[in-house]
Amino acid sequence: MKILFAASEAFPFCKTGGLADVLGSLPVALAAKGEQVSVVLPLYGQIPAQWRQSMTNRGSAYVDLGWRHQYCGLFSLVYEGVTWYFLDNEQYFHRPSLYGAFDDGERFAFFSKAVVAMLPAMDGLPDVIHCNDWQTALVPVYLKDAAARWEAARAIKTVFTIHNIEYQGRFGRDTLGDIFALGDGWWDDGTMDMDGGVNLMKGAMLVADAVTTVSPTYATQLHDPYYAHGLHPIVDMIGPKLTGILNGIDLKTFDPATDEAIAANYSARRMAGKAECKLALQAALGLREDKDTPIIAMVTRLAGHKGVDLVCWAFDEIMATGAQMVVLGTGEDYYEDFFRAQASRFVGRAAACITYNEGLSHRIYAGSDLYLMPSRSEPCGLSQMIAMRYGTVPIVRKTGGLADSVKSCQVGQADGTGFLFDTYDTGDMLTVIRQATGLYYGNRAGFNAVRKHGMAADFSWKNSAAAYRTLYQSL
Ligand code: GLC
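Using our numbering, you'd call the opening residue of the sequence shown number 1 and step up by one each time.
As structure tokens, then:
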């Protein structure tokens, strides 16, 4: 099968979050299974020169989006068995950051329209186009529009994956024609309208041949208004067209036995290096160097749905367990300021790295003992899996993909990999943090056994890539 992924970010080219990790590893896993896989991305100014130098110029065309007539260049390179396409338009994609501009709707509508327009210039038409999140939600819609006049396009199937339903691509009614260049029919038949405005994610959910999300539990939760951010009637409407497939992680990138970013390598059988990683992390972040003080880490976007409020509300109680705390990430100003302030209150015990740094994130996964992820909602979550792979025991709220990837060790399960709590509540979270630090202080052998179960768990793409393949075939 020929599969083309369309997305707004993919590691190692451009990354702001987990979406990039999935797009950097799922296509590679499918290619390894013998599928013909390509990925199309915007050619952002942020993509390093090292990659640009190995790109081939495949030509250009003009893409019409309503009254706009815009240049689009097509570049490609081959990496890890996958063809990576890049769509060039400097006006749209040379910006200070990937997202957050006033014209994001127009930028990603252009991208989605250009994906369809540039198909003939790629290596053969795909059997399936797999779109991801609101930025590429218009691809199935534009493809359907194009197919009215283009017979070959009618055979292409589309899959739309929801990585996070909170970001839907909502715009005013007037954008339908003016920005998205869609006829009123798309509104009148109820495809694009939601609560009086245009909703791109809704459109994709209705138009795509299959809809997936990134864990089975989140797929179930999306029927619940609490999790669906207004789209639950659409989730109910599409019924079995929506399925949940748990993400994997790239086991080569995240391997403590070979990771070059960390102070010392280790594996489940030879754990000595992990203690070295811990001391190196404490030294690097100005924490008191002590191998017997547990380090609780968070590597996260500082956003509400990640449960950061619980951590803010309970910060003093967390510190009262005697643990050290490390936070890496950027996000809302309030949270950034909060963690900076705690680092100056708890000198030598709390560190706030308000930045994003891939190498440092690896050193934190490797050097910590516990990994805190109290998400209010979590479609899948990758960092709890990465943490487990590095022998860092997760403490998570039992929601979405966290519930599907962490096995409780609290109820005496022999192969438990972490600690879970149910309710979005500081009291529940603290109880479990105390259980975890209690196990660390009181029964180190028991704690180390939990570490090892996590390190032995299978978070590869093997099963999930097979599930996607079965889905594509079924279409
Ligand atoms: C989004 C979700 C996260 C998921 C990731 C990759 O970032 O919030 O839970 O792991 O996408 O699918």
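Every residue gets a Cβ at the ideal spot worked out from N, C-alpha and C, and that includes glycine. No experiment lies behind these values; they were computed from the predicted model shown.
Listed in chain order, the non-local C-beta contacts of residue 415 below 6 Å within the same chain comprise 453, local neighbours out to five positions each way being set aside. If you draw a straight line from the Cα of residue 89 to the Cα of residue 194, it comes to about 30 Å. Taking the Cα positions, residue 167 is about 12 Å away from residue 99. If you check the C-beta of residue 308 against the ligand GLC, you find no heavy atom less than 6 Å away. Around the beta carbon of residue 316, fewer than 16 other beta carbons lie within 10 angstroms, which makes this residue exposed. Going by DSSP, residue 265 is part of no beta strand (DSSP E) at all; its letter is neither H nor E. Selection around the ligand GLC by beta-carbon proximity, strictly under 7 Å to any non-hydrogen atom, yields 17, 18, 19, 21, 22, 163, 164, 214, 247, 378, 379, 380, 381, 382, 400, 401 in chain order.
Residue 313 is classed as exposed because its beta carbon has fewer than 16 other beta carbons within 10 Å across all chains shown.
Listed in chain order, the beta strand (DSSP E) elements of length 3 or more contained wholly in the region 388 to 448 are 393 to 397, 419 to 421.
Looking at the backbone, the Cα of residue 200 and that of residue 138 are separated by about 6 Å. When 23, 77, 69 are compared, the shortest CA-CA separation from residue 92 is found for 69.
Residue 128 sits away from residue 245, with the two beta carbons spaced by 7 Å or more. In the three-state scheme derived from DSSP, where H, G and I count as helix and E and B as strand, residue 182 is classed as coil.
For the 7 Å CB-CB criterion, residue 251 and residue 464 do not form a contact. Residue 215 is not a Cβ neighbour of residue 21, given a cutoff of 7 Å. Assignment of residue 60 by DSSP, reduced to helix, strand and coil, places it in the strand class. Its Cα nearest to that of residue 281, the residue 364 stands out among 364, 247, 377, 52. Between residue 77 and residue 118, the C-beta gap is not smaller than 7 Å, which leaves the two residues out of contact. Contact between the region 155 to 170 and the region 214 to 233 is present: three or more C-beta pairs spanning the two stretches fall below 8 Å. The shortest C-alpha to C-alpha distance from residue 140 to any of 191, 104, 174 is the one to 191. Taking the Cα positions, residue 274 is about 9 Å away from residue 263.
Here residue 456 has 268 as same chain residues with Cβ atoms under 7 Å from its own Cβ, once five neighbours each way along the sequence are excluded. In the DSSP annotation of this structure, residue 258 is not part of any beta strand (DSSP E), being labelled neither H nor E.
Along the region 291 to 322, the beta strand (DSSP E) occurs as fully enclosed runs of 3 or more residues at 295 to 299, listed in sequence order.
Counting C-beta atoms within 10 angstroms of its own C-beta, residue 291 has fewer than 16 neighbours from the protein chains shown and is therefore classed as exposed. For residue 72, there is no enclosing alpha helix (DSSP H); the residue is found in the beta strand (DSSP E) stretching over 68 to 79. The beta carbon of residue 287 sits closer than 7 Å to those of 324, 348, 349, 351, all from its chain and outside the five residues before and after it, given in chain order.
For residue 205, the uninterrupted alpha helix (DSSP H) run begins and ends at 200 to 207, by DSSP. Within the DSSP bridge table, the entry for residue 244 names 213 as partners. CA-to-CA, the gap between residue 46 and residue 435 works out to about 43 Å.
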